[in-house]
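With the numbering used here applied, the sequence shown has no gaps in its numbers, which climb one by one up to 655 at the end.
In what follows, a single structure is set out as structure tokens and then discussed.
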Amino acid sequence: MESHSDRSRTPTPRGTAKLALLVGALGVVYGDIGTSPIYALQTIFNPADPHPVPTNIANVYGVISLIFWSLVLIVTVFYVGLVMRLDNEGEGGIMALITLIRRHSQGRGRKAGLALAALGIFGAALFLGDSMITPAISVLSAVEGVKTVNPDLETFIIPATVVIIVLLFAFQRKGTAVIGRWFGPIMIVWFTVLAVLGIGGIAKNPEILRALSPTYAIDFLFGHFGIAFFALAAIILTFTGAEALYADMGHFGRKPISRAWLFMVFPALLLNYMGQGALILEDTGNIQGSFFLLAPEWSRIPLLVLTGTATVIASQAVISGAYSVASQASELGYLPRLRIAHTSEHHYGQIYVPWINWLLMVSVLTLVFAFRTSEALAFAYGMAVIGTIVIVTVLFLYFARVRWGTPRWVLWTGGGLLLALNVTFLAASSTKIIHGAWLPLLIGVTAFTVMITWQRGREVVSAERERREGPLREFVDKMRRGEPKAAQVPGTGVYLGRGSATAPLALRAALELNHARYAQTVVLAVQTEPVPRVPDEERIIVDDLGHCQDSVIHVTARFGYAETPDVPRALRLVRPEQSEGRRLRLDKAVYFLSTIQLKAGKEPTMATWRKHLFIATSHITSDAAEHFQLPRDRTIIVGSHIEV
């Protein structure tokens, strides 16, 4: 007979699901920040750096202490402790933060909210730049480890890196759930190895434990500011990936990500950095390859294989984050409608965005061929990361004031100190602009320009489209009076429009050109809400447009920005009493879409180059029938031309 204690040890389905999320978070979220020990310290003390940090006992203690307190303040306190509490119904990332600010900025604070939202868009653009650099530097740094085994293998570094990156992006279509199940256990091994190697290094020189004291960081920063300031640009490398914790929150949830950081990732990273510091104190010649030199010689090849695998996983953190950012930007109107595949039936937020995936792959390969070494890429790395962190800090402090009502003295002291720390890191990183940090800035500015141009162009097109469509109620009144005359055909016609105020162009064309109307006419507007998901009971809003017996109704189908709009499924929620006493006949319903062909016009709506950029960007818009899950064999597309 099973005892009570045996039953209590039996894992429940809920407990198993929580464990799976935690393991998945380790595999998807923590790859980037978790592989920083491979290259961070050797970059800080790199003699080829334009502003090298001299290798001596005081500097080693100071650097290790700065790394420790940076991880504590920026990652543990700021991101895990504070920022990750700002979720938009489970979704995280800078786009979710922008949505929250827009929602809660009213009255006099509206202008400030809009300005901060624009700043946030630039932060999201910088994150997309980081998503391109991280896979390149992570995989390159790992493959370069072959030089510690056999220097003659150096010629294979670039080809091997390219193969690994191509395979990584090809595997993305499987989804973060599958990737997390594969990568999670590997990352558990990885962080265990990090801790064990670090403990081995500390055991040889336990004096390094003194670096836990903040006095070493303070003395290094203020006593040797001329050296420490430039070192900050490389110390940023130790917390690259912090933004991925927030951006990937919608994939796994706040608690699994927080617990993984506190109980495994942070301790393992700290032990490894301190172990490397102890190794450098023992012999300054250990700077180059200090991570691999922590391991006994017999274990270098297995460690190299594990490191290569871990850096592939490192790329996953920012790739998944880029999917989330792009998806949310698309739903909020900052990017065209993108094809988004939801890859899990059990967990919301696990998505795959094909267009972003292949764009990232091409960009990453270009960076590998252009820079060729991780040392060269390290100069470019960090600017996008700290730029995003500074912007998130500003947005967080604003939200804490307007929404939480946090006292000003708390913001000026705690928030001010945190912002000053991040701005100092940003200033240090700016010294690398001429050495490669211009690249993430260029990528960020380019992405930002595309997003704000799309938003502006969309406003122009929407205004012209509304003018052409005309008032919906006025058009329905004419239909009711038989203007224009139209023959009634059996069945249901569903006309997708852009709101409840105007008549879809396809509906006008059907009556004015074809002189035909369906026995049941549904004007449908798909509305994206600034929340991740909308429950079915709040999905549908039905309006009879002032006439309850004319067989014409307007339906608003509401979806969250993290959902894929399924129009036929949403229409099945319309009850007979909402559709004038008759159930909608959807089994053979015909769906009508209005598409717009864009052309640059002479009106001064935007600069000419922005008009052409907007038109070019429109070509990546996903197929509307596929996006709205419409049946292909019963979908008719009606075209029209609009000048921008």
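Even for Gly, the Cβ is constructed at its ideal location relative to N, Cα and C.
Here the structure is a predicted model, which means the values were calculated and not measured.
For H623, the three-state secondary structure derived from DSSP is helix. For G508, the three-state secondary structure derived from DSSP is strand.
Nearest to L343 by C-alpha distance, out of L111, I68, R643 and L178, is L111. Here the alpha carbons of I631 and V74 stand approximately 46 angstroms from one another. Between the C-alpha atoms of G427 and T435 there is a straight-line separation of about 12 angstroms. The three-state secondary structure of H630, taken from DSSP, is coil. The continuous beta strand (DSSP E) containing A536 extends over residues A527 to E540. An exposed status is given to G296, since fewer than 16 other beta-carbon atoms sit within 10 Å of its beta-carbon. Note on geometry: alpha-carbon atoms of G261 and P365 lie some 19 angstroms from one another. Between the segment 91-109 and the segment 247-266, the count of C-beta pairs closer than 8 angstroms reaches three or more; the two stretches touch. Contact check for L317 against V200 passes: the beta carbons are separated by less than 8 angstroms.
For H115, the secondary structure class from DSSP, reduced to helix, strand or coil, is helix. F277 is positioned such that its CB atom lies closer than 8 angstroms to that of L82. Looking only at G612, S590, I367 and L408, the smallest Cα-Cα distance to S633 is reached by I367.
Taking C-beta atoms as the reference points, I397 and L437 count as a pair closer than 8 angstroms. Proximity of the segment 150-167 to the segment 124-138 falls short of the contact definition, fewer than three beta-carbon pairs being nearer than 8 angstroms. Going by C-alpha positions, L77 is about 27 angstroms away from M143.
Around L604, the same chain offers L507, A635 and I648 as residues with beta carbons nearer than 6 angstroms, after the five sequence neighbours per side are excluded. Distance from the CA atom of L52 to the CA atom of L388, rounded to whole angstroms, is 15 angstroms. Counting C-beta atoms within 10 angstroms of its own C-beta, E548 has fewer than 16 neighbours from the protein chains shown and is therefore classed as exposed.
Setting aside the 5 residues that flank it on each side, F410 is surrounded in the same chain by L97, L108, L111, I112 and H115, each with a C-beta closer than 8 angstroms to its C-beta; the list follows chain order. In the DSSP assignment, F182 falls outside any beta strand (DSSP E) and carries neither an H nor an E. Linking L281 to A611 through their CA atoms gives a straight-line distance of about 56 angstroms. For E102, no alpha helix (DSSP H) encloses it, and the DSSP letter there is neither H nor E.
Under DSSP, no beta-bridge partner is assigned to S385. In this structure, the alpha-carbon of N67 lies about 40 angstroms from that of L33. Residue burial is scored here from C-beta neighbours: T377 has fewer than 16 other C-beta atoms within 10 angstroms and is therefore classed as exposed. In the three-state reduction of the DSSP assignment, Y392 falls in the coil class.
Approximately 4 angstroms separates the beta-carbon atoms of Q640 and D577; this is inside 8 angstroms, confirming the contact. By the neighbour-count criterion, in which 16 or more other beta carbons inside 10 Å mark a residue as buried, W465 falls on the buried side.
Looking at the DSSP output, F570 sits in a beta bridge with T539. Within the model, the alpha-carbon separation for F167 versus F89 is close to 41 angstroms. Per DSSP, F236 lies in no beta strand (DSSP E); the unbroken alpha helix (DSSP H) holding it starts and ends at F236 to I246.
A352 carries a strand assignment under DSSP once its states are collapsed to helix, strand and coil. Shortest Cα-Cα distance from E485 to any of V500, T513, K496 and T606 involves T513. Taken through DSSP and simplified to helix, strand or coil, T442 comes out as coil.
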